[in-house]
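Enquirer: Position 161 of the sequence shown, counted from 1, bears residue number 543 in our numbering, the numbering being contiguous throughout.
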Amino acid sequence: MSRQSPPTSGEKESEESSMQMLLRNEIIEERMRMIDEFIEEYMDENFGEPRVLYEAAYHLIRAGGKRIRSLIMLLACESVGGKICDALPLALAAELLQTASLIHDDIIDDDSLRRGVKTVHEVFGVKMAILAGDLLISLAVRLLGKHGSPRLLEHMGEGGSRMCEGEATDLLMSPHHEEDFNEEAYLTMIDRKTVAFVEEATRTGVLVGGGNDEQMRSLLEYARSLGFAFQIRDDILDVEENLILSGKTHHSDLRLRRGNYVVLSALSMLDKAGKRALLDSLLNYEAEVILEMLRKTEAVQKARRKAQDYVQSAKRALHDSSLGNTRPLTSIADFVLDRVH
383 MSRQSPPTSG EKESEESSMQ MLLRNEIIEE RMRMIDEFIE EYMDENFGEP
433 RVLYEAAYHL IRAGGKRIRS LIMLLACESV GGKICDALPL ALAAELLQTA
483 SLIHDDIIDD DSLRRGVKTV HEVFGVKMAI LAGDLLISLA VRLLGKHGSP
533 RLLEHMGEGG SRMCEGEATD LLMSPHHEED FNEEAYLTMI DRKTVAFVEE
583 ATRTGVLVGG GNDEQMRSLL EYARSLGFAF QIRDDILDVE ENLILSGKTH
633 HSDLRLRRGN YVVLSALSML DKAGKRALLD SLLNYEAEVI LEMLRKTEAV
683 QKARRKAQDY VQSAKRALHD SSLGNTRPLT SIADFVLDRV H
């Protein structure tokens, strides 16, 4: 049994309404059910000792989540004519790797909420949380070794390396270093931190499905644009004013003085004095002052337009006539733009 605290009624309603948008597509609903059942079966069959370690490892997985990367992997596989059964174990591996990264990320950021429940280190302690993340990585490697190929292992490893590089770059981005605290540097960072893993999940689906080079190019272009849109939407949610709706620690990026596309958009629209004032407010974590400057510059609106542009690019990439049914992938792109957590 998991020791996680149950989500509040508001968090449940938020998650349900957000997922309902995605589940309007029957194919997506069925694939999500398959993924969840496969994950549950795997967790039931792979529960070792000490039990608390496995409880910690599966804590966030049992809390739910969007399963976007594993879902994209299955749909990419299908769109090139592949079989879902071949991709499911690898989709699970992607889910385990993603969850491991979230556990470690929450420790780094000292966040207390994830997916509407307490973070792993809040429930089980930092030391056990680190081990839980390591365990998930080990379980994922076992799955990749059993069901993948040397080529797949290489690509997933490359995606993991890029993700770590992106996280390290994110840690180093600071208002203290103005020359590296800008939109261009930020987009380069999220290319590694967020986009890389979406790309590799998609690449895996195409490879398992036996897709050709043209299909690979189209779907990777889709994945790349989707990854950027996802992160920018995440940044918008981080500065919006309702903690319950987001299900995360409110104003996390601002509290940590980290890069955020909305903040960096505001900086790009301010004069020298305005930039100095915003940077000083970030360094002193003057949240209300920061939010007021974001409102005045309409930085959230600019970020929304940027996310919309990426979503449109993702949809255009699916126009490749050699692909099968891409409507579910289009639905995911719409969901990424409209999600509320």
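Yeah, the Cβ is synthetic: ideal placement off N, Cα and C, and Gly gets one too.
Source: prediction; values computed, not measured.
For the alpha helix (DSSP H) holding Arg721, just list the boundary residues, first then last.
Expert: Looking at the DSSP string, Arg721 is not in any alpha helix (DSSP H), and its letter there is neither H nor E.
Enquirer: What is the rounded straight-line gap between the Cα of Met416 and the Cα of Lys465?
Expert: Their backbone Cα atoms lie some 13 Å apart in a straight line.
Enquirer: Between Arg413 and Leu453, which are expected to be in contact by the criterion C-beta below 8 Å, what is the C-beta distance as a whole number of angstroms?
Expert: Their Cβ separation, rounded to whole angstroms, is 6 Å, which keeps Arg413 and Leu453 in contact under 8 Å.
Enquirer: Using the C-alpha atoms, what's the distance from Gln613 back to Glu560?
Expert: C-alpha separation (whole angstroms): 22 Å.
Enquirer: If I'm right that Met538 touches Lys575 with Cβ under 8 Å, what's the distance once you round it to whole angstroms?
Expert: Not quite, the Cβ-Cβ distance comes to about 16 Å (not below 8 Å), so this is no contact.
Enquirer: Using CA coordinates, which residue listed in Phe610, Lys657, Met651 and Asp418 is at the minimum distance from Gln690?
Expert: Considering only alpha carbons, the answer is Phe610.
Enquirer: When you compare the CB positions of Leu587 and Cys467, do they come within less than 9 Å of one another, or not?
Expert: One point to set straight first is that residue 587 is Gly, not Leu, in the sequence displayed. No. Outside cutoff.
Enquirer: So, under 8 Å CB-CB, Ile410 and Ser713 are touching, yes? Tell me the CB distance rounded to an integer number of Å.
Expert: Indeed they touch by this definition, with Cβ atoms about 6 Å apart.
Enquirer: For Phe563 and Ser607, I'd like the C-alpha separation in whole angstroms.
Expert: Rounded to whole angstroms, Phe563 to Ser607 spans 22 Å at the Cα level.
Enquirer: Among all the DSSP beta bridges, which residues are the ones paired with Leu495?
Expert: Leu495 is bridged to Lys500.
Enquirer: Just checking, does the stretch 673–680 make contact with the stretch 596–605 on the three C-beta pairs under 8 Å criterion?
Expert: The answer is no - the stretch 596–605 does not touch the stretch 673–680, with fewer than three Cβ pairs under 8 Å.
Enquirer: Does DSSP classify Leu453 as helix, strand or coil?
Expert: Helix.
Enquirer: Please go through the same chain and pick out, in chain order, the residues whose beta-carbon is closer than 6 Å to the beta-carbon of Ala567, but skip the five residues on each side of it.
Expert: For Ala567, where only same-chain residues beyond five positions count, there are no Cβ hits under 6 Å.
Enquirer: Please check the pair Leu652 and Pro557, which I expect to be a contact at CB under 8 Å, by giving their CB distance rounded to whole angstroms.
Expert: 13 Å between Cβ atoms; not a contact.
Enquirer: So, is Arg449 buried or exposed, given that buried needs 16 or more other C-beta atoms within 10 angstroms?
Expert: Flag for Arg449 reads buried.
Enquirer: Could you tell me which uninterrupted alpha helix (DSSP H) segments, each at least 4 residues in length, are contained entirely in the stretch 460–547, listed from first to last along the chain?
Expert: Taking only runs of at least 4 residues, the alpha helix (DSSP H) segments lying wholly in the stretch 460–547 are 466–491, 502–506 and 508–529.
Enquirer: Use the C-beta contact count for Ile443: other C-beta atoms within 10 angstroms, 16 or more gives buried, fewer gives exposed.
Expert: Buried, by the Cβ-count rule.
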